[in-house]
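Chemist:
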Amino acid sequence: MHEIGITQNIVAIVAEYANGAKVRRVLLEIGKLSAIMPDAVSFCFDVCSQGTVLEGAILEILQIPGLAKCRQCGAKVPLEKPFGVCSCGSKQLDLIAGEELKIKEIEVDEVCV
Amino acid sequence: MCVTCGCSDDAEAKISNLQTGTVMTIQPESETHHHHTHVLPDGKVVTHSHSHDINEVSQVHAKIHGRTISLEHEILGKNNLIAAQNRGWFKGRNILALNLVSSPGSGKTTLLTRTINDLKKQLSLSVIEGDQETTNDAEKIKDTGCKVVQVNTGSGCHLDAAMVQQGLQQLNPPLDSIVMIENVGNLVCPALFDLGEQAKVVILSVTEGEDKPIKYPYMFRASEIMILTKMDLLPYVKFDVQRCIEYAKQVNPQIQVFQLSAETGIGLENWYDWLAQKVVN
């Protein structure tokens, strides 16, 4: 949900950082539990970047798997959904990874004279 | 463009103040007093792909190479910043702010009007209403004598922190009060957008499916309490209350559940007790 709007936002943020320079590559970090679909972002990116300094840039998405810590026994529990059960039986899990939604880095053209 | 998600151009969103009758559009970010920090990462060059041939040092040449800039920029950072400002604003005024979420038609506005009518003598309450269009819900709240502003999001499907911040300026709630924020009816998107509330209250009616909590886990996980409404209709629908509560606790073991009917009044005292206790704390 919201991938079109979020992608427009990404393009705007990156364009601001690029400050007129042409962008070659954008690296995003999207957690698997962030409720954002990377395929939809990629699809929207081609459309949203038209006519901007991001046109033609490569979009790379690093998907961070969900991980929680069990409050009962401290074990790390990998998660596919935002909830689950620890091997010790406890459902009291704190999410520690998988909700990321950030622009990690960009690569821009730099003219060196 | 909405700076948090862009799904609705903020310029379409409107705030209606039902006390004064004024309608205003959401002010674009540059006209408000928020500071907006963009830190360009000086000196954060990670890779640099270019090499000089020593013999060509004296030659002037132009070469285009790639420069990597590490950003670590949170995409929802702007909304989260404004939400944090709202949270601080509420705390400074000792205001309990609650974000009421549900699918459309669960009975949020009916429950809200019943709550206000029952508690207005003991507690100070005011409301921010969120809908795509119309001031219908805000009118119902206004009839209780309670202060209310209506945010119309246009094509937007959720309230965001900026809308709430500007709504609060219009609403001007007093110290030591409760602000109820009735979000746009939607079990998906509001889960992503922090408004600065103290807690989310998810409302589910027995005329919906009992498996809603596992179908929409993000929302139920983000909520502190779940209110099952329209309990007076239970004899007429195939809704398994126990199963629903189990699903909710599967997704959110901490969630507290209240079962009530805003029509008949059964179960309301537990919800009111929770409110009273939240205000004291």
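Line order of the protein sequences matches chains A and B.
Residue numbering for the first sequence follows my numbering, beginning at 11 and increasing consecutively.
Residue numbering for the second sequence follows my numbering, beginning at 2 and increasing consecutively.
We put the CB at the ideal spot given by N, CA and C, even for glycine.
1) Does DSSP put B/Q170 in a helix, a strand or coil?
2) Closer than 7 Å, Cβ to any Cβ of chain A: which residues of the region 66-79 of chain B, in chain order?
3) Of all the CB atoms in chain B, is at least one closer than 9 Å to the CB of A/Q102?
4) Does B/Q257 get closer than 9 Å to chain A when you measure Cβ to Cβ?
5) So with CB distances below 8 Å, who are the chain A contacts of B/R222?
6) Tell me the DSSP secondary structure of B/V46 in three-state form.
7) Tell me which same chain residues have a C-beta within less than 8 Å of the C-beta of B/N187, skipping the five on either side of it?
8) Per DSSP, what are the beta-bridge partners of A/V36 in this structure?
9) What residue range is occupied by the uninterrupted beta strand (DSSP E) comprising B/T230?
10) Does B/G93 come out as helix, strand or coil in the three-state DSSP assignment?
11) Can you tell me where the alpha helix (DSSP H) holding B/M220 begins and where it ends?
12) According to DSSP, which residues form a beta bridge with B/I65?
13) Cα separation between A/K32 and A/K112?
14) Taking Cβ positions only, does B/E13 come closer than 9 Å to chain A?
15) Would you say B/R202 and B/M227 are within 9 Å of each other, going by their C-beta atoms?
16) Measuring CB to CB, does B/L196 end up less than 9 Å from B/D161?
17) Anything in the region 235-257 of chain B with a Cβ closer than 9 Å to a Cβ of chain A? List those residues in chain order, please.
18) Start and end of the beta strand (DSSP E) containing B/Q132?
19) In the DSSP assignment, find the unbroken beta strand (DSSP E) run with B/K148 in it and report its ends.
20) Of the residues B/K148, B/A84 and B/A249, which one's Cα is nearest the Cα of B/T114?
21) Does the Cβ-Cβ distance between B/S127 and B/M181 come in under 9 Å?
22) Can you tell me which residues form a DSSP beta bridge with B/I74?
23) Would you report the Cα separation of B/P236 and B/E264, rounded to the nearest angstrom?
24) What's the call for B/G93, buried or exposed, on a 16-neighbour Cβ count within 10 Å?
25) What are the boundary residues of the beta strand (DSSP E) that includes B/T26?
26) Counting only the same chain and skipping the five closest in sequence on each side, list residues whose C-beta sits under 7 Å from that of B/T33.
27) Taking 9 Å as the threshold (C-beta atoms), are A/A107 and A/I74 in contact?
28) With three or more C-beta pairs closer than 8 Å as the rule, is the region 212-231 of chain B touching the region 239-250 of chain B?
29) Please check the pair A/I40 and A/I71, which I expect to be a contact at CB under 8 Å, by giving their CB distance rounded to whole angstroms.
30) Shortest alpha-carbon distance to A/L77 belongs to which of A/S52, A/D56 and A/P92?
31) Determine the DSSP secondary structure at A/Q102, reduced to helix, strand or coil.
32) Compare the Cα-Cα distances from B/G108 to each of B/S71, B/N81, B/Y217 and B/E183 and report the closest residue.
33) Between the beta-carbon of B/Q171 and the beta-carbon of B/N271, is there less than 9 Å?
34) Can a CB atom of chain B be found closer than 9 Å to the CB of A/E65?
35) What does a CB cutoff of less than 6 Å around B/L120 pick up in its chain, not counting 5 residues either side in sequence?
36) Using the Cα positions of B/V252 and B/R244, report the straight-line distance between them to the nearest angstrom.
Modeler: Concretely, from the data shown:
1) Three-state result, B/Q170: helix.
2) Of all residues in the region 66-79 of chain B, only H66, G67, R68, T69, I70, S71, L72, E73, H74, E75, I76 and L77 come within less than 7 Å of chain A when Cβ atoms are compared, listed by chain position.
3) For A/Q102, the answer is yes, since a Cβ of chain B falls inside 9 Å of its Cβ.
4) No, because no Cβ of chain A sits closer than 9 Å to the Cβ of B/Q257.
5) The contacting residues are P92 and F93.
6) Low confidence applies here, because B/V46 scores a pLDDT of 37, under 50, leaving its location unreliable; read the following figure in that light. DSSP places B/V46 in the strand class (E or B) of the three-state scheme.
7) The answer, listed in chain order, is V102, S104, P105, C158 and H159.
8) Bridge partners of A/V36: A/L69 and A/I116.
9) For B/T230, the enclosing beta strand (DSSP E) starts and ends at I226 to T230.
10) Correct three-state label for B/G93: helix.
11) Segment P218 to A223, the alpha helix (DSSP H) holding B/M220.
12) A/V121.
13) One C-alpha to the other measures close to 20 Å.
14) Chain A, which has no Cβ nearer than 9 Å to the Cβ of B/E13, makes this no.
15) A small correction: the amino acid at residue 202 of chain B is Val; Arg does not occupy that position in the sequence shown. For B/V202 and B/M227, yes; Cβs fall inside 9 Å.
16) Taking 9 Å as the Cβ cut-off, B/L196 and B/D161 qualify as a contacting pair.
17) Taking 9 Å as the Cβ-Cβ cut-off against chain A, the residues of the region 235-257 of chain B that qualify are K250, Q251, V252, N253, P254 and Q255.
18) Per the sequence presented here, residue 132 of chain B reads as Asp, with Gln not at that position. L126 to D132 is the extent of the beta strand (DSSP E) around B/D132.
19) Secondary structure note for B/K148: its beta strand (DSSP E) is the uninterrupted segment K148 to N153.
20) Selected option, being the one with the closest Cα: B/K148.
21) Yes; because the gap between Cβ atoms is below 9 Å, this pair is in contact.
22) Checking the displayed sequence, the identity of residue 74 of chain B turns out to be His instead of Ile. For B/H74, which the question treats as bridged, DSSP gives the partners A/I113.
23) For B/P236 and B/E264, the distance between alpha carbons rounds to 15 Å.
24) It counts as exposed.
25) That run of the beta strand (DSSP E) goes V24 to T26.
26) Bear in mind that the predicted position of B/T33 carries a pLDDT of just 37, short of 50, making it unreliable; the figure below should be weighed with that in mind. Excluding positions up to five away in sequence, the list is empty.
27) Yes. Within cutoff.
28) Enough Cβ pairs lie closer than 8 Å, so yes.
29) The pair is a contact, with the Cβ atoms about 6 Å apart (cut-off 8 Å).
30) For the residues A/S52, A/D56 and A/P92, the minimum Cα distance to A/L77 belongs to A/P92.
31) Looking at A/Q102 - three-state DSSP - the assignment turns out to be coil, as it is neither helix nor strand.
32) The shortest Cα separation from B/G108 among B/S71, B/N81, B/Y217 and B/E183 belongs to B/E183.
33) Against a cut-off of 9 Å, the Cβ pair of B/N271 and B/Q171 comes out as no contact.
34) Not an interface residue.
35) Correct list: empty, nothing qualifies.
36) Roughly 13 Å separates the two Cα atoms.
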